[in-house]
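A.B. asks:
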Amino acid sequence: MDSLTKDAAKAGLRVGLTSDKIVIHGGKPLAGRIRVRGAKNLATKAMVAALLGETPSLLQDVPNISDVNVVRGMLGAYGVAVTAPEEGQLLLDPTNVERAHFAEIDALAGSSRIPILFCGPLLHRLGEALIPDLGGCRIGDRPIDFHMDALRAFGAVVDKSYEGIRITAPDGLHGADIELPYPSVGATEQVLLTAVRARGVTELKNAAIEPEIMDLIAILQKMGAIIWVEPNRTIFIEGVDHLAGYTHRAIFDRNEAASWASAALATDGDIFVEGAKQPEMLTFLNVFRKAGGAFDVQEDGIRFSRAGELKPVQVETDVHPGFMTDWQQPLVVALTQADGVSVVHETVYENRLGFTDALVEMGADIVVHTDGLESLTRRVPRRKLEQAAVITGPTKLHGADVRVPDLRGGFSYLIAALTAEGTSTITNLGIISRGYEHFVDKLTALGADFSLEG
Ligand code: EPU
Numbered sequence: 298m299d300s301l302t303k304d305a306a307k308a309g310l311r312v313g314l315t316s317d318k319i320v321i322h323g324g325k326p327l328a329g330r331i332r333v334r335g336a337k338n339l340a341t342k343a344m345v346a347a348l349l350g351e352t353p354s355l356l357q358d359v360p361n362i363s364d365v366n367v368v369r370g371m372l373g374a375y376g377v378a379v380t381a382p383e384e385g386q387l388l389l390d391p392t393n394v395e396r397a398h399f400a401e402i403d404a405l406a407g408s409s410r411i412p413i414l415f416c417g418p419l420l421h422r423l424g425e426a427l428i429p430d431l432g433g434c435r436i437g438d439r440p441i442d443f444h445m446d447a448l449r450a451f452g453a454v455v456d457k458s459y460e461g462i463r464i465t466a467p468d469g470l471h472g473a474d475i476e477l478p479y480p481s482v483g484a485t486e487q488v489l490l491t492a493v494r495a496r497g498v499t500e501l502k503n504a505a506i507e508p509e510i511m512d513l514i515a516i517l518q519k520m521g522a523i524i525w526v527e528p529n530r531t532i533f534i535e536g537v538d539h540l541a542g543y544t545h546r547a548i549f550d551r552n553e554a555a556s557w558a559s560a561a562l563a564t565d566g567d568i569f570v571e572g573a574k575q576p577e578m579l580t581f582l583n584v585f586r587k588a589g590g591a592f593d594v595q596e597d598g599i600r601f602s603r604a605g606e607l608k609p610v611q612v613e614t615d616v617h618p619g620f621m622t623d624w625q626q627p628l629v630v631a632l633t634q635a636d637g638v639s640v641v642h643e644t645v646y647e648n649r650l651g652f653t654d655a656l657v658e659m660g661a662d663i664v665v666h667t668d669g670l671e672s673l674t675r676r677v678p679r680r681k682l683e684q685a686a687v688i689t690g691p692t693k694l695h696g697a698d699v700r701v702p703d704l705r706g707g708f709s710y711l712i713a714a715l716t717a718e719g720t721s722t723i724t725n726l727g728i729i730s731r732g733y734e735h736f737v738d739k740l741t742a743l744g745a746d747f748s749l750e751g
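Quick note on numbering: the sequence shown equals residues 298 to 751 in the working numbering.
Now the structure itself:
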């Protein structure tokens with residue numbers, strides 16, 4: 298087993314997935330009802346925010362995914378008492394925060410990128426942060442330069458050590474004027490989690506404004522922070538001396554909702570996604586409809602199915618309110634069934650179309666242009682590294698043996714296997730449990746024909 302596979306297997310085990318291999322007999326529509334809970338990309342950050350409070354925090358609708366468990370383990374290593382008063386809740390008590398053993402942090406952090414967001418809260422609480430090598434999905438270089446530059450602007454000193462990165466703040470942290478080179482989600486969160494307790498006012502220009510970030514701002518405001526979200530991606534944060542704990546229900550996981558919607562589209566199924574909401578999914582729903590999908594927005598969720606034959610679409614991934622990069626992989630599978638030529642332009646990550654190789658093995662007609670293609674003018678400046686996938690359909694997919702490369706790519710392989718005629722074997726399944734709660738149970742609930750092996 299290589300180290301990535303071991304990480305994936307461990308991740309799966311932590312959330313009760315007993316097998317790392319699934320054998321799927323495809324060609325059957327998925328139909329039924331499943332529920333999505335709090336967003337992975339909010340819950341994990343909300344847990345880190347609890348470190349800033351002087352009293353305990355209660356987070357509700359927490360998904361049972363391995364990324365949550367990684368952060369839970371890290372908080373535990375720093376002396377935060379984390380308990381689950383009820384299923385789906387986490388009570389986080391930061392009263393006794395203390396230094397952690399580096400080996401423990403290093404062992405936990407290997408499979409996630411969240412540890413970098415501990416920097417600001419740890420600097421405020423302990424005066425020091427040690428960041429080991431970061432994990433997360435292999436979808437590009439994923440540098441941390443924006444994070445480190447922002448921390449330096451707050452007065453932090455960043456040293457590279459043999460263990461990782463050591464960050465200190467000998468004179469405390471002060472407000473800063475920061476302009477991000479790109480509206481990075483993680484760097485915006487870094488600034489928020491650091492500025493709320495820094496001395497003075499911070500101005501953040503070119504901030505990310507994803508709904509999960511707005512939810513983090515809501516949490517910080519509940520804790521006592523003063524944060525102004527201005528037009529044009531500018532955020533002002535007035536530092537305060539004390540923050541208290543929060544009680545908060547995490548925003549729903551729109552990435553998971555979009556994934557199941559794409560599964561309904563690809564398999565000609567009919568899936569009611571309980572917990573999905575329209576406002577955060579407007580852009581996805583537009584594309585879904587143009588691709589031939591039908592949806593019905595109800596009080597407690599959204600029902601997804603096909604309106605008729607699937608149609609080709611042109612999509613460009615972007616920062617919010619654009620089409621999320623996390624939505625493209627599941628959608629690409631559905632587009633292999635559309636009648637005509639679709640183009641998916643990936644502009645957020647430089648290497649997020651590699652997963653299409655396995656779809657081609659399964660019979661899809663997908664050509665990746667590694668330098669991108671000419672496309673429309675965008676809201677944010679064009680970046681150097683872009684890729685485009687040209688998908689010509691419809692193509693019959695057939696079963697194959699494939700290995701999960703990353704979280705969203707992995708889910709798209711599940712959809713492809715469910716769409717394909719014949720049998721597919723998918724290995725390295727644990728990676729999917731980083732972000733999809735109880736996905737095996739949900740496949741059962743939707744009538745999928747599969748068995749777990751190994
Ligand atoms: N970037 C830099 N330097 C930095 C930080 C980012 O160059 O210091 C670049 C990245 O390499 C990337 C782009 O900026 O090309 C955008 O990255 P961003 O910082 O916005 O992404 P992130 O915070 O690392 C989060 C989600 C991702 C999601 C992106 C975009 C979490 C834990 N991860 O990543 O989610 O794709 O925002 O919305 O919140 C997933 O859930 O599968 C996933 C990968």
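Think of the CB as a built atom: it goes at the ideal place given N, C-alpha and C, for glycine as much as any other residue. No experiment lies behind these values; they were computed from the predicted model shown.
If we count the other Cβ atoms within 10 Å of its Cβ and call it buried at 16 or more, is Q595 buried or exposed?
C.D. replies: That one is exposed.
A.B. asks: Is the closest heavy atom of the ligand EPU to the C-beta of E500 under 8 Å?
C.D. replies: No, Cβ of E500 sits at least 8 Å from all heavy atoms of the ligand EPU.
A.B. asks: Could you tell me if the beta carbon of G329 falls within a distance shorter than 8 Å of some heavy atom in the ligand EPU?
C.D. replies: Every heavy atom of the ligand EPU is 8 Å or more from the Cβ of G329, so no.
A.B. asks: Counting along the chain, where does the alpha helix (DSSP H) carrying R396 start and finish?
C.D. replies: R396 -> no alpha helix (DSSP H), and no H or E assigned at all.
A.B. asks: Count the other CB atoms, across all protein chains shown, that sit within 10 Å of the CB of W525; report buried if there are 16 or more and exposed otherwise.
C.D. replies: W525 comes out exposed.
A.B. asks: Among residues of its own chain, excluding the 5 on either side of R332, which ones have a beta-carbon nearer than 7 Å to its beta-carbon?
C.D. replies: So the list reads E571 and G572, once near-sequence residues are dropped.
A.B. asks: If contact is defined by three or more beta carbon pairs under 8 Å, each pair taking one atom from either stretch, is the segment 605-613 in contact with the segment 521-540?
C.D. replies: Touching, no.
A.B. asks: How many angstroms separate the CA atom of D288 from the CA atom of I514?
C.D. replies: With the chain represented from 298 up to 751, any question about residue 288 goes unanswered, as that position is not in the structure.
A.B. asks: Alpha carbon to alpha carbon, how far is T465 from G276? Give it in angstroms, no decimals.
C.D. replies: The displayed coordinates of the chain run from 298 to 751. Any statement about residue 276 would go beyond what the structure contains.
A.B. asks: Under a Cβ-count criterion, where at least 16 other Cβ atoms within 10 Å of its own Cβ denotes burial, should N393 be classed as buried or exposed?
C.D. replies: With fewer than 16 Cβ atoms within 10 Å of its Cβ, N393 is classed as exposed.
A.B. asks: Express the C-alpha separation of L501 and Y479 in angstroms, rounding to a whole number.
C.D. replies: Approximately 12 Å, taken between the alpha carbons.
A.B. asks: Return yes when the C-beta of G690 is under 8 Å from any heavy atom of the ligand EPU, and no when it is not.
C.D. replies: No, the ligand EPU has no heavy atom inside 8 Å of this Cβ.
A.B. asks: I'd like to know if the segment 642-657 and the segment 614-630 are in contact, where contact means that at least 3 CB-CB pairs between them fall below 8 Å.
C.D. replies: Counting Cβ pairs under 8 Å, three or more are found: they touch.
A.B. asks: I need the boundaries of the alpha helix (DSSP H) containing R334, first residue and last residue.
C.D. replies: No alpha helix (DSSP H) contains R334, which DSSP labels as neither H nor E.
A.B. asks: Throw me the rounded Cβ distance for the L314 and S730 pair, which I believe falls under 8 Å.
C.D. replies: Going by Cβ atoms, the distance from L314 to S730 rounds to 5 Å, so yes, they are a contact pair.
A.B. asks: Assuming V687 contacts V638 (C-beta within less than 8 Å), just tell me the rounded distance between them.
C.D. replies: At roughly 6 Å, the Cβ-Cβ gap stays under 8 Å, so V687 and V638 are in contact.
A.B. asks: Bridge partners of L327, per DSSP?
C.D. replies: Looking at the DSSP assignment, L327 forms no beta bridge with any residue, so it has no partner.
A.B. asks: Report yes or no: do three or more beta-carbon pairs, one from the segment 562-570 and one from the segment 326-344, lie closer than 8 Å?
C.D. replies: The answer is yes - the segment 326-344 touches the segment 562-570, with three or more Cβ pairs under 8 Å.
A.B. asks: Tell me, to the nearest whole angstrom, how far the beta carbon of A504 is from that of T485; I am working on the premise that it is less than 8 Å.
C.D. replies: That pair is a contact at about 5 Å.
A.B. asks: Report, in whole angstroms, the separation of the C-beta atoms of A685 and H642, which I expect to be a contact under 8 Å.
C.D. replies: Confirmed, Cβ separation roughly 5 Å.
A.B. asks: Keeping to the same chain, check which residues put their C-beta closer than 8 Å to that of L632; ignore five residues upstream and five downstream.
C.D. replies: Around L632: A588, L607, P609, V610, S639, V641, I688 and G690.
A.B. asks: State the beta-bridge partners of I723 as determined by DSSP.
C.D. replies: According to DSSP, which records beta bridges pairwise, I723 is partnered with I319 and V699.
A.B. asks: So if DSSP puts D456 in a beta bridge, which residue, or which two residues, is it bridged to?
C.D. replies: According to DSSP, D456 bridges with R463.
A.B. asks: Using only alpha-carbon positions, find the residue among A381, H322 and R369 that is nearest to P412.
C.D. replies: Looking at the Cα atoms, R369 is the closest of the given residues.
A.B. asks: Scan the segment 610-638 and note each continuous alpha helix (DSSP H) run of 4 residues or more that stays entirely inside, going in chain order.
C.D. replies: Whole alpha helix (DSSP H) segments, 4+ residues: 622-632.
A.B. asks: Is it right to say I523 is buried, meaning 16 or more other beta carbons lie within 10 angstroms of its own, or is it exposed?
C.D. replies: By the neighbour-count rule (16 or more Cβ atoms within 10 Å), I523 is not buried but exposed.
A.B. asks: If you compare alpha carbons, which of E384, I428 and A381 is closest to A400?
C.D. replies: Among E384, I428 and A381, the Cα nearest to that of A400 belongs to I428.
A.B. asks: Hey, could you find the ends of the beta strand (DSSP E) F443 is sitting in?
C.D. replies: Premise fails: F443 lies in the alpha helix (DSSP H), D442 to A450, not in any beta strand (DSSP E).
A.B. asks: State the start and end residues of the unbroken beta strand (DSSP E) segment that holds E535.
C.D. replies: Here the beta strand (DSSP E) through E535 covers T531 to E535.
A.B. asks: Hey, would you say the C-beta of H421 is under 8 Å away from at least one heavy atom of the ligand EPU?
C.D. replies: No, the Cβ of H421 stays beyond 8 Å of every heavy atom of the ligand EPU.
A.B. asks: In angstroms with no decimal places, state the Cα-to-Cα distance between F747 and G323.
C.D. replies: In a straight line, the C-alpha of F747 is about 8 Å away from that of G323.
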